Every structure is written in C-alpha cells, then in structure tokens.
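The block underneath contains the structure these notes are about, expressed in structure tokens.
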Amino acid sequence: MKTQTEEMRSEEAERETKEREQVKKLLAEYKRKVNKEMEKHFKEMEKDEKLKKVLREIEEAQAKHPGEKRKAAKSITEINEKHWDELYQGDIVLHVEQAQYLLDTVTRNGQQKANSRAENGAERREKRGTDQNGKKETFPVLKWPLLTIPFSFHSIIPDRFRQQIHFAIQLWNRNTCLSMVEHGPSSPGIQFTNVSGKGCKSWVGRKSGPTYQQQINLEYPDCYLSGIIAHEIGHALGLTHEHQRYDRDTYVWYIADNVKFDKIGNFDKLATERSEDYKTPYDLGSVMHYGAKEASTNDKHTLIPKAGAHYINTIGQRFGPSFGDFMLMNKYYCGLQLLPDGSSINTEVCFKNVMCENDGFQKPKSCTECICPPGYAGNLCEKVDTDGYAPAGVTNNCKGAIFIATSEWQDLHGQIGSDSLDSSTDHAYCHWQILAEIGQIISIQVLAIGDECEDACESGNTEIRTEANKGISGLRLCCPSDLGSTGQLEISAPYGYAMISLYSFYKVQRFHLRFMQHED
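Position 396, counted from 1, in the sequence shown is what our numbering calls 1638; the numbers after and before it change by one each time, with no gaps.
As structure tokens, then:
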C-alpha cells in the first residue's frame, strides 16, 4: 500500500506529464513567433561597421595561423539537441506559467510594433517589460523559501560523479548565504540524476509543491564539467542566462547568419528583476553566459563581445561561477547591499556592514570577512594573492608579484601547471598585479601565449583585467591567434591598474608580456 507521500508523488508525476505536453505546445508557438522577430532585429545589428571590423580582425588572425586547431567541448545546446522541442534556451525546463509568459510577451511585443507602425508610419520604441496597462512584468521564477536547500542523488549516479557534483555545490555554498545540504534519496528538493540521452537540464527556480523533487539531469560524460554542473545549479536557484539581460545589446553582437534557424529564439531577452533591479554589471565571464559559438550552424561565431575580439574566450566559460555570479546570487537571496560609503552588508543574514577593499563584498557566512575578486586575498581583500595554488600532486610553481610600472618596458613571464595536471574540477592559478603612478596609464604588450588552444580556453588561460571595477571579468587568452594578426596584442589600462591571472586545469599554461606607464 502506498504511503501518503508516495501517493502525492504519483499524482505530481501524472500532472507533470500533462504539463510537459502543454509546455511543448506553448514553446512551439513561442519559438515560431520569436524566431521571426529576432531575425529582423539581428539582421540590422549585422550592419554595424564596428562588428565588421572585429570579424575581419578574427579572420586575419586565423589566417596567420592556418594550422591552428581549437579543441571544443560540446556546448550545452549541442548536448541537448535531441530535446529541443521541450526545452527553453537549450537547457531550461519550464512550467506552464513560464511558457505562457514567454508566448504572451512575444505576442504582445509584436502587436505593439504593428500598432506603432500603423500609428506613426515608423516603429516607436515601447517600454519593455510592461503589460498594456504599463505594469512591470517579469519572467515568473519562484525563489526557494529557506536558505537551506535540500538535495539528493538518484541511485543511478555513481560515487565518482557525486564528487564532481559536490565540488560544484560547494562553489555556491562557500560564496553565498545558501546551504545546499544532502538528504536521503526520497527527500523533496533538488535531485541530481544521470539519465542517459536526457542531456544537461534544469528548472529555473523552485518547482512548487512541498513534496516535489525537481531534477537536474547531468548526462555522462558531456555534462560533467564543474562549470556545466554549476550552470545547471544556477538555473535551479533562479538564474536565467546572462545574455538574456535587457542590456545585452550594449555588450555583445549577435550574428544571425551563423545560427541554426530554429535556434534564433535562444538569443531573446528577458526583463528580469535579477538583472534589472539588482544593478549588477553585465558579466561576460558569467558561468550563465552563452559561448561565442553557441547554436552555430557552421562552427563560426554567433556572439561577439563589443569589448573586442580578445574577449571571445571570456564568454561561455565553464570553470565555475564568476565573482559577478556570486554577487548576483547574494543580492538575490541574501539581501546584499553595496552602500554609498563603500561598505557592504547582507541584510538577510548579517547585522553589521563591513568595509571590503578592492571591490570585494561581505561574506554572508562570516560577516566580518569579505568575498574577494580573483587575485585578492585577506579578510578584507586588502592584499594581492601572490602565493597562488596548485592541486594535490602538482608543484606550485607560482611566482606571483606586485610590479610598479615605469617609463621603461619591463618583461613578465608566467608559467603554472605541469604535464601531469588534468582535472575537471580543481585547477592551478597565479596572480600578478601591475600598478602605475597617479595620473599614468599602463600599456601592456602580450608577446607570447600558450598553445593549449580551445574554445573558451577551457584548459586554462591568461586573464587580464583592467577595469576600474576590479570584479569585472577580463579578456582571456590561450592560443597564438588570440594575439591578433600581428602576433602582439596591445592593451591599455586607463585606471593605472592591471591584474594578470594565469589558470590551468590541464597541463602547462604560460605567457610572456611587457608593460610600461605613460601619460594619457
């Protein structure tokens, strides 16, 4: 005889089967409409002369290295190709309310544009994210009600896979106020499963129901990168894709000619409160961002960062959540506020603000300490992490340092890792900081880079950050063609600061650059 919980689960499973068919119908109509609207929008974008210039630079750099081949792990959309009709954005499982919202939004937007053309003879800009009464609407996502979130493993997941999932979970646990805690296999909450042929997929936010187990499926072997696991967990906690932000077009170009036609709708935008109200910077390095060749029909780029060709490897990284991802999650769940005096406080869990340095923010599980941007350390992010790190069994050969630029060129060589390093989770890293005198600009010339060529530099990379906000992801290099057709990449650091970070998941990563300071 079934227990009450088993009966409720049986009823939920039956409802879910019916709901899945309803969602598929809504998604099919939504994709038909959004593909048509998006194609028009992006065809106009492709006329941008700056985009054409960047594409020429990429072609010229590749022509200089004709024998260079980039390895490429399967993207999530490639892994999930067989399930396209039931997924949104390639890996998101929707409930009926979310699917209906998408269809209603694209239908309303199309009608608004038609009305605008009829009234004015030209298209008028409509206030986005509002209904016909001007009321703000957002993609419906249900937050988890408590900061402790139960999870379990389906019995089909072997121990070696569970270790990788635990690693990704701890990335979120250590850097947010959330605590994902393992429970028994029949407990409600998130359940990780490994159903063959079902790809990498998750719901967005919590699926309602007190006894409900919502699954994150991670098919072996393609889904078992720490960043892919962290990406799907990010969805389950309520994050959508970074490229869906309302301000996306300010930061990336989209090339419709290179996208599979039925995937054009993958690049739509949402008016979500997480990006709109929390005032977090657009993050090219977010683990939730699409890659540069996502949904490509010809292995050419579908997304190009407007910051330049040298940022192509920054988007689509699958190392793990970025500093910006942690900040967003803490604003979403922990009440993180960045105060005018430079201090920060997680209002849901801390009672006193803390003054973090170098754009760090309060650590929600230790309210007197800070979470630091990459390259910084100390309780308050007050020092540069020059010690570096290497996984167990790998020699830590980091020689991190702080340099003061002068009017003469100074050379900097960096190398980390070893031929034995091969990890899908842990990695070696090392950091160098370059500072200029007040009022001076730093010029950097990257003269040589490693040759572990891979899309999004999945094996490792040299990251260079020069923004005033030290938490902003930087450009990433791992292959000779990343230096452009001249073989020498010129970078300017206008704020008198640069952080050079070297990362390796696989074998040896290296770089050679030189730097100097000069007046503006």
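Quick reminder that beta carbons are idealized off the backbone N, C-alpha and C, glycines included. Being a predicted model, the structure only gives us computed values, none of them experimental.
Is it the case that the Cβ atoms of residue i and residue j are separated by a distance below 9 Å?
i	j	result
Met1571	Leu1420	yes
Phe1645	Phe1753	no
Val1446	Phe1381	yes
Gly1558	Glu1536	yes
Asp1629	Asn1638	yes
Thr1708	Pro1736	yes
Val1335	Leu1329	yes
Ile1686	Tyr1739	no
Leu1755	Asp1653	yes
Val1596	Leu1389	no
Gly1729	Lys1306	yes
Ser1660	Ser1528	no
Val1688	Ile1733	yes
Thr1349	Ile1398	no
Tyr1520	Tyr1454	no
Ile1684	Ala1647	yes
Arg1241	Pro1392	As displayed, the chain neither begins before 1243 nor continues past 1762, which places residue 1241 out of reach and without an answer.
Gln1486	Asp1510	yes
Hey, quick one: how far does the alpha helix (DSSP H) through residue i stretch, first residue to last?
i	result
Met1571	1565 to 1575
Gly1404	The amino acid occupying residue 1404 in the given sequence is Arg; Gly does not appear at that position. First-last of the alpha helix (DSSP H) with Arg1404: 1401 to 1417.
Val1494	Here Val1494 belongs to no alpha helix (DSSP H); instead the beta strand (DSSP E) covers 1494 to 1496.
Lys1295	1291 to 1306
His1473	1468 to 1479
According to DSSP, is residue i helix, strand or coil?
i	result
Gly1371	With a pLDDT of 44 at Gly1371, under the threshold of 50, the predicted position of this residue should be treated as unreliable, though the coordinate-derived value follows. Reduced to three states, the DSSP call for Gly1371 is coil.
Gly1363	With a pLDDT of 39 at Gly1363, under the threshold of 50, the predicted position of this residue should be treated as unreliable, though the coordinate-derived value follows. If DSSP states are grouped into helix, strand and coil, Gly1363 belongs with coil.
Cys1609	coil
Lys1625	strand
Arg1490	helix
Val1335	strand
Asn1357	Note that Asn1357 has pLDDT 47, beneath the 50 cutoff, so the model's placement of it is unreliable and the number below is only indicative. Of the three classes helix, strand and coil, the one that applies to Asn1357 here is helix, per DSSP.
Gln1675	strand
Met1597	coil
Glu1256	helix
Asp1722	For the record, residue 1722 in the displayed sequence is Pro; it is not Asp. Note: Pro1722 maps to helix in three-state DSSP.
Lys1324	helix
Gln1751	strand
His1760	strand
Lys1542	coil
Arg1448	coil
Met1530	coil
Asn1764	The structure shown does not extend to residue 1764, since the chain is modelled only from 1243 through 1762, so no value can be given for it.
By a C-beta neighbour count over all protein chains shown, 10 Å radius and 16 as the cutoff for buried, is residue i buried or exposed?
i	result
Asp1401	exposed
Thr1522	buried
Asp1664	exposed
Ala1634	exposed
Ala1710	exposed
Ile1706	buried
Leu1717	buried
Gln1759	buried
Gly1309	exposed
Nearest to residue i by alpha carbon, out of the options?
i	options	result
Pro1563	Glu1286, Ile1398, Gly1476	Gly1476
Cys1721	Leu1731, Ser1715, Ile1391, Gly1602	Leu1731
Pro1615	Val1636, His1673, Arg1560, His1655	His1673
Met1287	Ala1698, Ile1546, Thr1667	Ile1546
His1531	Thr1482, Ser1538, Lys1548	Thr1482
Ile1506	His1760, Lys1260, Arg1274	Arg1274
Ala1341	Lys1292, Lys1316, His1396, Glu1261	Glu1261
Phe1561	Met1569, Trp1326, Asn1277, Gln1406	Gln1406
Gly1602	Ile1613, Trp1651, Lys1278, Lys1594	Ile1613
Ser1662	Lys1594, Val1750, Lys1607, Ile1691	Val1750
Ala1698	Ile1554, Thr1259, Asp1762, Lys1278	Ile1554
Val1437	Gln1579, Pro1427, Leu1580, Tyr1462	Tyr1462
Ile1321	Phe1568, Ile1470, Val1423	Ile1470
Thr1347	Phe1568, Leu1512, Gln1304, Leu1578	Leu1512
Asp1504	Leu1719, Cys1576, Asn1277, Ile1497	Asn1277
Cys1465	Lys1440, Asp1489, Arg1487	Lys1440
Tyr1745	Lys1548, Ala1670, Val1296	Ala1670
Quick check on the DSSP output: the beta strand (DSSP E) that includes residue i runs from which residue to which?
i	result
Leu1689	1682 to 1691
Ala1698	Note, Ala1698: premise wrong, no beta strand (DSSP E); not H, not E.
Glu1320	Segment 1318 to 1321 is the alpha helix (DSSP H) holding Glu1320; no beta strand (DSSP E) there.
Gly1630	No beta strand (DSSP E) holds Gly1630; DSSP gives it neither H nor E.
Arg1718	1717 to 1719
Cys1776	No statement about residue 1776 is possible, as the shown extent of the chain runs from 1243 to 1762 and does not include it.
Ser1660	1652 to 1664
Phe1432	With the sequence shown as reference, residue 1432 is identified as Ile, and Phe is not the correct amino acid for it. Segment 1431 to 1435, the beta strand (DSSP E) holding Ile1432.
Asn1638	Careful: Asn1638 lies outside any beta strand (DSSP E) and carries neither H nor E.
Phe1395	1390 to 1395
Ile1506	Run containing Ile1506: none; DSSP gives neither H nor E here.
Would residue i count as contacting chain D if we go by Cβ distances under 9 Å?
i	result
Tyr1739	The structure shown has no chain D; it contains just one protein chain.
Verify the contact flag: residue i, CB atom, against every heavy atom of the ligand FMN, threshold strictly below 8 Å.
i	result
Asn1638	Ligands displayed in this structure: none; no statement on the ligand FMN is therefore possible.
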